[in-house]
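First up is the structure itself, then whatever we jot down about it.
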Amino acid sequence: MAIAPPSERVWWNEPIARTELVWMIVAFLWGVIMFFTMIFWHIYGEQNLATESYRVNPESFAQRADEMIEQYTVREEDGFPVVRPPPGSEVYLIARAFQWYPLLELQKDKAYRLHLSSVDVQHDFSLQPVNINISVHPGYEHVLTITPTTLGEHGVVCNEYCGLGHHMMIGKIYVTE
Ligand code: CUA
């Protein structure tokens, strides 16, 4: 806090000190670098998922999922259908208290369009062990283009507290040849 008024009344017309000018240029250039880093990292960082999001009615989402399940179920596991949709197709995963439905079986190195939505409260799709996290909201669907690269069994856990059974909300995605 200034107690006395500045000695130069029109201080804003004083020439800028050289070091201050240098710092201003450095800060500006750094801002420009960080801006382009964001774009670069989005494309090459292999970290940010580009999702499309749409408003959706939970009933119609569940209906589309059921159609896929009916068509491509290959076996059952603990009363859950295991669905093996053809590569390139639309794949649905329903989040609901307290399950990821159905179980999926995908082929390695094939692309799929994965639709994610909730039919009740907010959940969070967390793919293990790769640690991909996507918030899943009722009324909205995320659509991601995914290409599994690792064979084996992948767990899907819920990363958003959704009720008493939250910790039991575990799904599975099998990746096979
Ligand atoms: Cu679903 Cu926590």
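Each number in the numbering used here comes from the position in the sequence shown (counting from 1) with 82 added on. Even for Gly, the Cβ is constructed at its ideal location relative to N, Cα and C.
With a threshold of 8 Å, establish whether the CB of residue 241 neighbours any heavy atom of the ligand CUA.
Answer for residue 241: yes, Cβ within range of the ligand CUA.
Could you tell me which uninterrupted alpha helix (DSSP H) segments, each at least 4 residues in length, are contained entirely in the stretch 87–146, listed from first to last along the chain?
100–126
Can you tell me whether DSSP reads residue 153 as helix, strand or coil?
helix
Quick check: the Cα distance between residue 244 and residue 112, rounded to an integer number of angstroms?
42 Å
Ignoring anything shorter than 3 residues, give me the beta strand (DSSP E) runs that lie fully in the stretch 143–216, in order along the chain.
Here the runs fully enclosed are 155–159, 162–165, 172–178, 181–183, 185–189, 194–200 and 205–210.
DSSP on residue 249, reduced to helix/strand/coil?
helix
Sorted by chain position, which residues of the same chain lie with C-beta nearer than 7 Å to residue 159's C-beta, five sequence neighbours on each side aside?
Closer than 7 Å at the Cβ level, and outside the excluded window around residue 159, lie 185.
Confirm, please, whether the CB-CB distance from residue 162 to residue 240 is below 9 Å.
Contact flag unset, no.
Given a cut-off of 9 Å, decide if residue 199 and residue 223 are closer than it, judged by their beta-carbon atoms.
Remark: C-beta atoms of residue 223 and residue 199 approach each other more closely than 9 Å.
Over what stretch of residues does the beta strand (DSSP E) that includes residue 236 continue unbroken?
234–240
Beta-carbon separation of residue 206 and residue 140 under 9 Å?
Going by C-beta atoms, residue 206 is not nearer than 9 Å to residue 140.
With 16 as the cutoff for other CB atoms within 10 Å, does residue 105 come out buried or exposed?
exposed
In this structure, does DSSP put residue 224 in helix, strand or coil?
strand
For residue 255, which residues does DSSP report across the bridge?
When DSSP reads this structure, residue 255 sits in a beta bridge with 186 and 236.
I'd like the list of long-range same chain contacts for residue 144, defined as Cβ closer than 8 Å, with 5 residues on each side in sequence excluded.
Within its own chain, the residues whose Cβ lies closer than 8 Å to the Cβ of residue 144, once the five positions on either side in sequence are excluded, are 176 and 201, listed in chain order.
Compare the C-alpha of residue 192 against each of 96, 178 and 233 and name the closest.
233
To the nearest angstrom, report how far apart residue 114 and residue 183 are at their CA atoms.
As the crow flies, the alpha-carbon of residue 114 is around 45 Å from that of residue 183.
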